[in-house]
Structures are given as structure tokens and as C-alpha cells.
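For the sequence shown, our numbering begins at 2 and goes up steadily by one. Working notes for the structure below.
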Amino acid sequence: MDSSFINIAIVVVYLLAMLAFGWWGKSRTKNNSDFLVAGRRLGPFLYTGTMAAVVLGGASTVGGVGLGYKFGISGMWLVVAIGAGVLLLSLLFAGTIQKLKIYTVSQMLTLRYGSRATQTSGIVMLAYTLMLCATSTGAYATIFVVLFGWERWLAIAIGGAIVLVYSTIGGMWSITLADQVQFVIKTVGIFFLMLPFAMNAAGGLDGIRERVDASFFDIGGIGLQTIITYFVVYTLGLLIGQDIWQRVFTAKTPKVARWGGATAGVYCIVYGLAGALIGMAASVALSGIEIEAKDDVYAEVATNLLPIGIGGLVLAAAVAAMMSTASGALIAAATVARADVLPFVAGWFGKTINTDDSDNPEHDVKANRYWVLGLGIVAIIIAISTKDVVAALTIAYDILVGGLLVAIIGGLVWKRGTGIAAAASMAVGSVITLGTMIILEINAKAPLDGIYANEPIYYGLIASAIVYVAVSLFSKPTDPAVMKAWTDRVAGTRVAEEELSSPAK
């Protein structure tokens, strides 16, 4: 039987399974909490799997192997930075975040500072999550183009529709159940199939060492500046991303959030090392094959170094990685849009919108489904219509870190931080980040050089931190009543169930 037919069949079975998990998740979705945060009931196994699945997307899987192919063992640093972000979030903040019993990052800011001005963070978070969803959708569609020979727009439309269906039907429960399958497929595909077969084809570490430059085994070969950038962008970004926090909200207890997340972080680091080793082995084993782009290495290993049929599982692993990220970003975008952005925008027109419908849980779930459906369609259109989604994601990521990081982390660790300081630091950090990016882009030698530069995020962070500390020290301390409500939440004091049921609070 033709190997390509078997690979296609395996991927098709995987896609059908994702749709089935959508219907399975629907049976567990009874109210708002079930749809958005899986009822806050995930134990260690489910939580670890879903956290690892959402952070290890196409950049970590396909991109990680490509970096290993080009730079050797130092190609692991991208995924190591992601793992470090999960570790830091889990060990330092996840327990506190889980106790808050909220739905969005913006709600944390409002609760901590008692200031509606911090709701502007929801707009940035919406842009970030929507672009992340569009980027992931476009990424896994490239595999469909290779497998099925479809046009790019058709591959994006069909692949996006599958994620859209299972995310809309069952919400976070469907996504969590799908993530477990995706987590298993990725683990088997990377550690038990690609790594041993690639290493064997290359003659093991000794065989690789004999045929590559010594720099391939230099842990810092990719460059110190690049490594620092990975940690600034990805590690710090993971500390405050809505898509990651929303997974923390699903944990059953603070202990699960802390140690389940820490386990996922360690897994990510090992995953990054495995990807780099696969790429190194591919540089030797595929030396006779012309590879145009480093991101093509993953598919070349799957089709040329693995036995018939197994390559299909490995390709399914890549699709799984990207779908996990896309579905997580989609439900995060819908949550932020309904809970934060809609009430904030309505407030500018003098209107008050209450997104809580706790008296009618079924109606509340239906409303959330509409938001997921609508934003999913928008993400698919963005992925189809533009080839520079990555540039838009980079802008959103830079503002996320340069503008929002200080206010969010400051609120978690410094009691003296105030609402006016948080709002000012967010505004200054965002303006400096964007302004620096525009100036660099105007003076850049090539298009998008300014957008992809490192300086904007550094300058934004520094300016944001200075403003936050200075304004906090010179402004009136946060209202004691607001601080008491905050400390009660952080201490795990029981909160009325009706208060927790509304993402608008």
C-alpha cells in the first residue's frame, strides 16, 4: 500500500477523532464555568496534559526541529524558554491565580487595583490571542497542503473549521479532552518515533559528531542575543498570556496548578532537547536531500526516515501541536472579548452590559458559543487573507510584554502598587514599544526589520517599570476595601458562587 495513502488515512482518523471529542465535551458542559474553564475541576493528569499541549505549538514542534537542523543543540533554547515560562508561572503565581476564581487577566487587574482603567488590557489581550489563533491555523494548514494537495485557502478553511467545531460545541471540556489525545500523540511522535529513528539513521551522537562542525554541540551556538530574546519574549509572555492563565483557571486546586504546571514545564524543556537532537540527526541523515527551509525538516524526517505508516503518526503529532495552540487561543479570545472588551467599549458610549446570565446557564453557554464561533471565523479569514500574520502577532506579543507585564506581575507581588500606576505603566509601556517599533521600521533596511527587532520590547519594559514604581510611590495607596477583597481571594476565602459565575465581575 502506498505510504502517502497510509499517512493521509492516519491524519484523517485523527481529525475525525477531534470532532468526536467535541461532542463528548458537550455532554460535560452545563454552565458558564464548564464552557470557559472546564468547571475548574481538572486533576493532575488532565491539567498537566492540557498545559503542555497548549504551549507546545508549531513553533516548538516543527520550529524546534528546524532550529536543531540549522544550529545544532543550541536550537533547543526556544522551547527551553517556553518551558521556563511555564515553570515560573506554575511555581510562583499559579497557586494564587487559581484561588482568584476569575476568568480573565483583566479581571485580575480590576480586582487587584479596583480601577476600571486597567480594562484596556483586554483589548491588547484580544489582539494577541486572535493573532495567535490565526497564526496556528495557517501553520497546520501547510501540512494539509502537502498531504492532500489542497490550495492554501482551502486547507486553512477546512482545518480551521475542525478546530472551530469542537471548540464551539464543548468549550474548554472539548478542548481539554482533545488536548489529552494531542499530548499523547506528540509524546509518542517525538520521543518514541522521531528521536530513535532519526538518531539511528544518523549513527547516534558519535555519527553526528563525526560529520558536523564542532559548533553544532556548542550550547550557546545560536547566539547569546537570540537566547536572551527567547527568554524575554516567550518566558515573560507566558507569565501573563490569557491563553495560559485560562488553563490555570481549570485546575481543581492550587496544588494541582502549581505542581501539575511545573511537571508540564519540565516536560517542555525535555521536549525542546529532543527536538534539537532530531534536527541534528536530520542534518546528517538527510544530507543528500535539498531542503529549502528549516521548517520543512520535520516533514522530511517523517517521510524519509520513518517506516510506512509511522510517518503519518508523526505528521498527526505536528497537526496536534498546532491545533492545541489554536483552540486554546480561540477560547481565550472569546472569553476576553465577551468578559472584558464588550463591557469596556459599551462603557465609552454610556451603556452598561452585564454578560452574566447565571439564572439561565444554558443561555449563557449558548452566548459563549456564539463568541467562539464568530471569532473563530474571523481568525480563519485573517489566516487566509494575509501572509504577514506573524508580524501582527509579533506586534501584539511585544505590547503584551512591554506594556502589560509590569502591571500584572507588580499587582501579584507588590502591595504598594496602585491602580493609577498600573494604568500609567500600561499606557507608557505600550506607547514606547509601538513608537520604538515604528521608528526602527522607518529606518530599517528591509521591510519588517523594525517589527522583528528586540529593542522595542526592552525599551517598553524599562519605561513601564520606571513609571509603575514612581507613580505607585507618589500616588495614594490602593483603597483598603479593595485590598481586603484581594487578600481574601488570594487567601482562598470562600466567595459566593453567584459572584464567581460571572466573567464580567
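Cβ coordinates follow ideal geometry from the N, Cα and C atoms, glycine included. Treat the numbers as computed from the prediction; the structure is a model and nothing was measured.
Query raised in the report: Straight-line CA distance for Ile229 to Thr488?
Result: Taking the straight line from one Cα to the other gives about 35 Å.
Requested in this report: Determine, using beta-carbon pairs with one atom in the stretch 301-317 and one in the stretch 121-138, whether at least three such pairs fall under 8 Å.
Outcome: no
Query raised in the report: Should the stretch 331-341 be regarded as contacting the stretch 234-246, the criterion being three or more beta carbon pairs within less than 8 Å?
Result: yes
Query raised in the report: Under the three-state reduction of DSSP, which class applies to Ala294: helix, strand or coil?
Result: coil
Query - Neighbourhood of Ala10 by C-beta distance below 6 Å, restricted to the same chain and skipping five residues each side - result: Once the five neighbours on either side are set aside, Ala10 has no close Cβ partner at all.
**Report entry** Touch test, the stretch 314-330 against the stretch 57-66, Cβ-Cβ under 8 Å, three pairs minimum
**Finding:** Touching, yes, given that three or more Cβ pairs across the two stretches are closer than 8 Å.
Query raised in the report: Beta carbon of Thr419, beta carbon of Ser465: below 7 Å?
Result: no
Query raised in the report: Should Asp214 go down as buried or exposed, given a rule of 16 or more other Cβ atoms within 10 Å for buried?
Result: Exposed, because fewer than 16 other Cβ atoms sit within 10 Å of the Cβ of Asp214.
Requested in this report: Figure out for me which residue from Gly238, Leu435, Thr434, Phe345 has the closest Cα to the Cα of Leu88.
Outcome: Gly238
**Report entry** Secondary structure of Ala252, DSSP reduced to three states
**Finding:** It is a strand residue.
Report task. Go to Phe198, then tell me how far its alpha helix (DSSP H) extends in each direction, as first and last residue. Result -> 196-203
Query - Under 7 Å between C-beta atoms of Phe145 and Ala156 - result: yes
Query raised in the report: Over what stretch of residues does the alpha helix (DSSP H) that includes Lys100 continue unbroken?
Result: 96-101
Query raised in the report: Which whole-angstrom value describes the C-beta separation of Tyr453 and Val234, a residue pair presumed to lie in contact below a C-beta threshold of 8 Å?
Result: Not confirmed; about 11 Å, so no contact.
Query raised in the report: Should the stretch 281-299 be called in touch with the stretch 199-215, which here means at least 3 C-beta pairs below 8 Å?
Result: Counting C-beta pairs with one atom in each stretch, the stretch 281-299 and the stretch 199-215 have three or more that are closer than 8 Å, which means they touch.
Requested in this report: State whether the stretch 170-186 contacts the stretch 19-38, with contact taken as three or more CB pairs (one from each stretch) at a distance under 8 Å.
Outcome: yes
Query raised in the report: Got a sec: does the ligand COA put a non-hydrogen atom nearer than 6 Å to the Cβ of Ala464?
Result: Although the ligand COA was asked about, the structure shown includes no ligands whatsoever.
Report task. Return the residue from the list Ala53, Thr437, Ala380, Ala423 that minimises the CA-CA distance to Val137. Result -> The sequence given here has Ser at residue 137, not Val. Comparing Cα positions, the closest option is Ala380.
Query raised in the report: Leaving out the 5 sequence neighbours to the left and right, which residues in its chain are closer than 6 Å to Ala408 when beta-carbon positions are compared?
Result: Ala423, Ser426, Met427
Query raised in the report: Residue range of the alpha helix (DSSP H) that Ala464 falls in?
Result: Taken as a continuous stretch (DSSP letters only), the alpha helix (DSSP H) holding Ala464 covers 456-475.
Query raised in the report: What's the call for Leu225, buried or exposed, on a 16-neighbour Cβ count within 10 Å?
Result: exposed
Query - Ordered list of alpha helix (DSSP H) runs contained in the stretch 18-89, each at least 4 residues - result: 33-38, 45-56, 59-72, 78-89
**Report entry** Euclidean distance between Cα positions of Gly411 and Tyr231
**Finding:** 22 Å
Query raised in the report: Quick one: what's got a C-beta closer than 6 Å to Ala497's C-beta in the same chain, skipping five residues either side?
Result: Low local confidence applies: a pLDDT of 43 at Ala497 is under 50, so the model's placement there is unreliable, and no value is given.
Requested in this report: Taking Ala265 as the reference, give the member of Gly208, Thr51, Val12, Asn33 with the closest Cα.
Outcome: Thr51
Query raised in the report: Does the stretch 304-323 come close enough to the stretch 184-198 to have 3 or more Cβ pairs within less than 8 Å?
Result: Result yes; three or more Cβ-Cβ pairs closer than 8 Å.
**Report entry** Sequence-distant residues of the same chain with beta carbon closer than 6 Å to Lys446, five excluded per side
**Finding:** none
Report task. Could you tell me whether the Cβ atoms of Tyr167 and Leu20 are closer together than 7 Å? Result -> yes
Query raised in the report: Between which two residues does the alpha helix (DSSP H) carrying Gly430 extend?
Result: 420-443
Query - Closest residue to Gly84 among Ile270, Gly403, Asp35, Phe250 (Cα-Cα distance) - result: Ile270
**Report entry** Proximity below 7 Å, CB of Phe338 to CB of Ala135
**Finding:** Looking at the sequence provided, one finds Ala at residue 338 rather than Phe. It is not a contact, given that the beta carbons lie outside the stated cut-off.
Query - Buried versus exposed call for Ile378 [16 or more other C-beta atoms within 10 Å across all chains shown] - result: In the assembly as shown, Ile378 is an exposed residue. Its beta-carbon has fewer than 16 other beta-carbons within 10 Å.
Query - Where Asp365 falls, given that 16 or more other Cβ within 10 Å makes a residue buried - result: buried
Query raised in the report: So what's Ala300 in DSSP terms, helix, strand or just coil?
Result: helix
Query raised in the report: Roughly how many whole angstroms lie between the Cα atoms of Val342 and Ile223?
Result: 40 Å
**Report entry** Proximity to Ser483 [Cα-Cα], best of Leu435, Arg417, Gly461
**Finding:** Here residue 483 turns out to be Val, not Ser, going by the sequence shown. With distances taken between Cα atoms, Val483 lies closest to Arg417.
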